[in-house]
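Each residue of the sequence shown is one higher than the one before, starting from 8 at the first, in this note's numbering.
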Amino acid sequence: VGELDAPNPKPQPYNRIEYVYSLMAKDAGIEMEEVNLLTERSYAHFMVKRFDRAGGEKLHLHSLGGLDHADYNAPGTYSYEQFLRVILELQLGYPVLEQAFRRICFNIMAVNQDDHVKNIAFLMDETGRWRLAPAFDMTYARGAGYTRQHQMSLGGKRDGFSSRDLIDLGKKFGIKRDGKPIIDKVHAALKKWDRLAKEWGVPKKNITAIKALFRPK
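And the structure:
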């Protein structure tokens, strides 16, 4: 699947930013499919391998919103706590719960505020068992419209988060050491933003502006 940097009259930084975010997400231990950035003159096209196909066959996929009957057009009506409860209800096991917590930490700390319930998905195998799909749309998203705040709430909030909010979530759901090692790993991955963004051609003004919004440990 590709996100093309055309037919914009001028090259845009968004695909470069998403590619760098994908690299940082993987470095933070988040499960994602293979990604690539194809450059054409000054344009950059973000490519990601589909995870809903196997051997030419389509895999059964449901978004979190579809699975839990939640409306992605209603910001703030669904929470990250509800997402983790779905993991528990589906009995996907502790490693998956920890993976979900890791994605939450990344979204909060890296300011991915387009975190609605259609941007999380589950796949069903031939035996009818669900599993958490690889992460996707893990990118910086904060704007003047609906992404002014996070789409999913945490602790009743959609903005103004600190590490305490993440630690409290980890404690509530039994994440080892209250999730502190995961928070530290995400923080370490985000420290690579400057170097990776420069390496992949993100404009300096975007590098500076985005880094200023990263949430602290």
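All residues carry an ideal CB built from backbone N, CA and C; glycine is no exception.
Computed from a predicted structure; not experimentally measured.
Touch test, the stretch 156-163 against the stretch 107-125, Cβ-Cβ under 8 Å, three pairs minimum: Contact holds between the stretch 156-163 and the stretch 107-125, because three or more Cβ pairs, one in each stretch, are under 8 Å apart.
With a cut-off of 8 Å on the beta carbons, I'd call Asn119 and Ala148 a contact; round off their distance for me. By one-based count along the sequence shown, residue 119 stands at place 112. By one-based count along the sequence shown, residue 148 stands at place 141. About 5 Å; that satisfies the 8 Å criterion.
When the Cα of Val93 is compared with those of Ile127, His194, His52, which residue comes out closest? Translated into the one-based positions of the sequence shown, residue 93 becomes position 86. Considering only alpha carbons, the answer is Ile127.
Return yes when the Cβ of Leu139 is within less than 8 Å of the Cβ of Met31, no when it is not. Counting from one through the sequence shown, the residue named residue 31 turns up at place 24. Counting from one through the sequence shown, the residue named residue 139 turns up at place 132. 8 Å or more divides the Cβ of Met31 from the Cβ of Leu139.
Which one of Asn22, Asp166, Tyr85 has the shortest CA to CA distance from Met54? As a first step, residue 54 must be located in the sequence shown, where it is residue number 47. Ranking the options by Cα distance to Met54, first place goes to Asn22.
May I ask you to list the residues that DSSP assigns as paired with Glu47? Against the sequence shown, residue 47 aligns to sequence position 40. The partner list for Glu47 (beta bridge, DSSP) reads Tyr50.
CA-to-CA distance, Glu40 to Gly62, given in whole angstroms: Taking the first residue of the sequence shown as 1, we reach residue 62 at position 55. Taking the first residue of the sequence shown as 1, we reach residue 40 at position 33. Roughly 16 Å separates the two Cα atoms.
Leu71 burial status per 10 Å Cβ neighbour count (16 or more: buried): Working through the sequence shown from its first residue, we reach residue 71 at position 64. With 16 or more Cβ atoms within 10 Å of its Cβ, Leu71 is classed as buried.
According to DSSP, is Trp207 helix, strand or coil? Sequence index remark: in the sequence shown, residue 207 carries index 200 (1-based). Three-state result, Trp207: coil.
Relative to the C-alpha of Gly36, which residue among Gly167, Glu105, Asp185 is closest? Here residue 36 corresponds to residue number 29 of the sequence shown, with the count starting at 1. The option with the nearest alpha carbon to Gly36 is Glu105.
Could you tell me which residues DSSP puts in a beta bridge with Trp137? Locating residue 137 in the sequence shown gives position 130, where the first residue counts as 1. Per DSSP, Met131.
For the candidate residues Gln156, Pro20, Met131, Val193, whose alpha-carbon lies nearest to that of Pro82? As a first step, residue 82 must be located in the sequence shown, where it is residue number 75. Ranking Gln156, Pro20, Met131, Val193 by Cα distance to Pro82 puts Gln156 first.
Since Ile189 and Phe108 are thought to touch, with beta carbons under 8 Å apart, how far apart are those beta carbons, to the nearest angstrom? Along the sequence shown, read from residue 1 onward, the residue named residue 189 stands at position 182. Along the sequence shown, read from residue 1 onward, the residue named residue 108 stands at position 101. Approximately 6 Å separates the beta-carbon atoms of Ile189 and Phe108; this is inside 8 Å, confirming the contact.
From the DSSP output, in three-state form, read off Leu68 for me. Counted from its first residue, the sequence shown places residue 68 at position 61. It is a strand residue.
Anyone know if the C-beta pair for Leu68 and Leu130 falls short of 8 Å? Counting from one through the sequence shown, the residue named residue 68 turns up at place 61. Counting from one through the sequence shown, the residue named residue 130 turns up at place 123. Cβ atoms of Leu68 and Leu130: closer than 8 Å.
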